[in-house]
Structures are given as structure tokens and as C-alpha cells.
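So in the numbering used here the end of the sequence shown lands on 415, straight run, no missing numbers.
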Amino acid sequence: MEQVFTLEALVKKYGSKAQKESLKKNGNLSGKEFILLMKSVETVWESYKVEGRGSKRIITCIGKRPKKLEPVDNRSKNGQGQLVGEFELNSLVVNYLIQNDNNVRPMSATKWITELGIIDRRLTGAIYSDKGIHLEKLQVQFSMINKDYNKDESDIDMLDDFLEVYLKHVKSSIVSVFNKLAKAKVIIHQKVVWGCTSKNRHRKLSRQEVKSIAEIRRILLNTHGLKGRDLFKTNMKEVKAFKKDFGKQLNEELNLKYYYDAHFCVLQDSDLGVLDYLNKLHEKGELDFAYSLTEENAFIMTQIYKDMQSKHSLELAKGREKNISNNSDSNRVKCLKIMKQYAPVWELLLKYFRCTSCLKSRPSNIESFGTVIKNYDGVEFEITK
């Protein structure tokens, strides 16, 4: 048995509410939306073939199943192979390049996520300036919500743990997105090593300078009896001594305060231009992102990504809280885990450093004082003023 559908007819019969609204609004489905639609179709039909492109696609469904299959749920894999908020992060990167006329200088991963609005100056300020100011405020806030909490000078260890782990995770996500977009031939991505001089001038390092840095690092690791994998154990006295000596030699031998990987990205182009190239990918159903976002839509997408990322971060923290035998933990972090206060403190840190979303999902259209209602992909959100 075969049955032929236009895209419009197929969406009407098998599409979700969000897919129907997207087709009505845009006249077409994005690559991701079409893939999800066909997954629904495959629960009813054994196979299908697609002819044509974009909104003019004709889909022939072949071999109707005697019984509808249950949708496959891959969530048991815990997101393996899929980044949290990948669609949103892809979209934000592409939109940022478009808004800046596809002319963006190389930036560190930290600078990228700052420019995209994923983190802000409060968090970067805690990285590069006095953490004590933030620590005092955090201790007061946590004392107010947890009667069993006793503040300690070594609470700085928990703050350091948060900054290191959270930033490492988000930065690795943005770099993974660069690599995936490059593999899909959406962008060209190059990683180059840059350094900050003693006069706060940022510049690309020569190949010889990079070799010199590697040699300094190798010698100092041997001097302090460390392996490269030991450097994440920030509380080890040998690691602290290594970092002090390493910074000193960078300054003395290369006139550098620090160095970092800088990421250069540019959208792939064609003879017709960038947007026409993206439109062609869209027609082929090969886009796993949105583009040409309005400022408002980009803001909402950023907030949705922050919501997904912060929830995932908190779940990971709850898992780490159960591991009280991690040798890299400081005594204070171990104590917080034993007292079951590690995850609650982590949640407070996420909110304090504005890593969470300012959007709240709404079950209905009820108006609320002091909020602005927005619709994103068929789901309503309220933006807290």
C-alpha cells in the first residue's frame, strides 16, 4: 500500500502542534522539524521516499503498518552524542555571525559565550577579579535558605569548583558546536593560539612561541613531579606551585601574562551570498538550526539555552554530591557533599551568577503583572521584568 502526501497534507495528518504552527508561519519546515516529522511517519509506515525540495516536497509513504509503533525514546542514553541545547547553540552562533556581517575576530571560548549572552560580567568578574566580594554575598544568601549551613573561610573552594566545572562544560559545548557546524559545511572554523602580553595586548602567537610554551610546561611538570592530567587537581600544593612558576616563566621568557585557544569562525559562502547558501541548505532539509532571527527571538533562544544548560548542570551536581571519595575535592567540598549541601549551594551559584533563564514557562494564557508573554516554537513563556 502506498499513499502520496504534499508536505502540507503530511504535516496536517502526522505533525505536532509546533510543526503545524511552523509550517503556517514559515511555509516550510526546518531540517530538524522535518526529521522529527518523518520519525512520526515511520511509526505508521514502513518506509517513505521524498521528491522535490522545500515546501514543494512530495512524500510517498509505503507499506502501512498493521499496528502503530511506539515512538523510540533515546533519553535513556542520557543525551550521549547530543549536546544539551545543541539546536539553540547552533542557532545563536550562526545568528551572531550574520548580525556581525560574517566578520568576527578570533575569540576565546569564554569570550564567545559572553558575546552570545550565555554568561555575563558577574561571572567573568569572579574569574578575573576578587572572589571575596561574591563569596560574602553568597554565604549570606545560603544562610538564609539553609538553617544547617555554617559558613567557613574555605567556602572559596566551592566557588572555585563551580567556576571551573561550569565554565569548562559550557566552553566545551561551544567548541563542539564549532566543530559540528564546520563538519556540516555551515561554517569554516580555525583554532589558533593567542596570548595576552604584559601590556594587555592580545595577539596571535608564532609557531616557535607555541613550542616554547610546550617546552616550559613539560619541564615544570617534571620539576614538580606532575602529569598533565594532575593539573585539574587545583588544591594540590604541587599544582599551585606549578601554576605560580609557569606564570612567572611565561612572563620572563615570552612577555606573556597568559595564552589561550582563540576560535575563528566564518559562515560558508556561495556566489549568491551567505543567506542564499543557508536557504539552499534549508531547502535540502540539512539545517539543524534557525537563522535570520530577530533580536527578540535571539534573546528568547538564549534564555531557553540557559534554562536547559542550568538544569543539566544541576543534575550533574546532584550526581557528584553522591561521590564523597573524590580525591581531587578539597575538605570543604567533601564536607558539603556529606552534609547534602553541595547541590543546593550549586543551585544557588547558578542563580547568583545568572546562569539560569529569566523566562518561565506558562501553562495558559493568563496575564500576569510585571511580565511580558512570548511564544517560542509553540510554547509560551513569560519574561520577568
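We treat Cβ as the ideally placed atom computed from N, Cα and C, and that holds for glycine.
Comparing alpha-carbon positions, which option in the options lies nearest residue i?
i      : options                        : result
Thr253 : Lys273, Lys241, Arg237         : Lys273
Val207 : Asn133, Arg151, Gly45, Trp142  : Trp142
Val296 : Met137, Met31, Ile218          : Ile218
Asn132 : Asn353, Gly147, Gly303         : Gly303
Asn361 : Met188, Ser159, Gly155         : Met188
Lys181 : Glu377, Cys385, Cys365         : Cys365
Leu286 : Lys367, Lys352, Phe172, Gly225 : Gly225
Ser387 : Leu379, Met338, Val74          : Met338
Val269 : Asn209, Gly255, Glu81          : Gly255
Val74  : Tyr196, Glu345, Tyr44, Arg259  : Tyr44
Glu15  : Arg95, Ser202, Leu261, Tyr290  : Past the edges of the chain, shown from 31 to 415, lies residue 15, and the structure says nothing about it.
Ser173 : Gly93, Asp299, Gln371          : Gln371
Glu32  : Lys94, Lys47, Glu63            : Lys94
Ser228 : Lys278, Asp190, Asn58          : Lys278
Gly162 : Ser138, Asp190, Asp150         : Asp190
Val114 : Gly147, Ser46, Ala373, Lys201  : Lys201
DSSP on residue i, reduced to helix/strand/coil?
i      : result
Glu100 : coil
Tyr382 : helix
His342 : helix
His164 : helix
Ile354 : coil
Ile149 : coil
Gln220 : strand
Lys43  : helix
Lys181 : coil
Phe262 : helix
Phe117 : helix
Glu416 : No information on residue 416 is available, as it lies outside the stretch 31 to 415 that the chain covers here.
Gln169 : helix
Met68  : helix
Met369 : coil
Val402 : Caution applies to Val402, whose pLDDT of 40 falls short of 50 and renders its modelled position unreliable; the value that the coordinates give is listed next. Strand at Val402.
Leu53  : helix
Phe276 : helix
Thr324 : coil
Phe319 : coil
Gly61  : helix
Leu122 : helix
Arg83  : coil
Ala48  : helix
Roughly how many angstroms lie between the CA atoms of residue i and residue j, to the nearest whole one?
i      : j      : result
Phe383 : Tyr78  : 48 Å
Ser355 : Thr264 : 16 Å
Lys50  : Val71  : 15 Å
Gly109 : Leu280 : Per-residue confidence for Gly109 stands at a pLDDT of 41, beneath the threshold of 50, marking its modelled position as unreliable; no derived number is given.
His312 : Ser52  : 14 Å
Ala271 : Ala214 : 43 Å
Arg83  : Glu326 : 29 Å
Ala347 : Arg248 : 33 Å
Ile186 : Leu165 : 7 Å
Thr140 : Ser85  : 39 Å
Thr90  : Leu40  : 10 Å
Phe411 : Lys336 : With a pLDDT of only 44 at Phe411, under 50, the local geometry of the prediction cannot be trusted, and no value is derived from it.
Gln171 : Ala156 : 17 Å
Asn230 : Asn125 : 30 Å
Lys55  : Gln220 : 36 Å
Lys257 : Leu251 : 6 Å
Glu81  : Arg135 : 41 Å
Glu145 : Leu197 : 14 Å
Ile65  : Ile243 : 46 Å
Arg392 : Lys241 : Because the pLDDT of Arg392 is 43, which lies under 50, any placement of that residue in the model is unreliable, and the number read from its coordinates should be weighed accordingly. If I take the Cα positions, the gap works out to 55 Å.
Ser184 : Lys98  : 58 Å
Tyr179 : Leu380 : 18 Å
For residue i, which residues does DSSP report across the bridge?
i      : result
Ala225 : Per the sequence presented here, residue 225 reads as Gly, with Ala not at that position. Beta-bridge pairing links Gly225 to Arg233, Tyr289.
Met137 : His293
Arg92  : Note on identity: in this sequence residue 92 is Ile, with Arg being the wrong assignment. Its beta-bridge partners are Glu32, Ser77.
Would you mind giving the Cβ-Cβ distance between residue i and residue j, rounded to the nearest angstrom? I have them listed as a contact below 8 Å.
i      : j      : result
Leu323 : Ile204 : 17 Å between Cβ atoms; not a contact.
Arg87  : Leu153 : In fact, because the Cβ distance is near 44 Å, the residues do not count as touching under 8 Å.
Thr332 : Leu168 : No, Thr332 and Leu168 are not in contact; Cβ-Cβ is about 24 Å, not under 8 Å.
Should residue i be listed as close to the ligand ZN, given that the test is whether its C-beta is under 7 Å from any heavy atom?
i      : result
Lys364 : The ligand content of the structure shown is nil, which means the ligand ZN is not present either.
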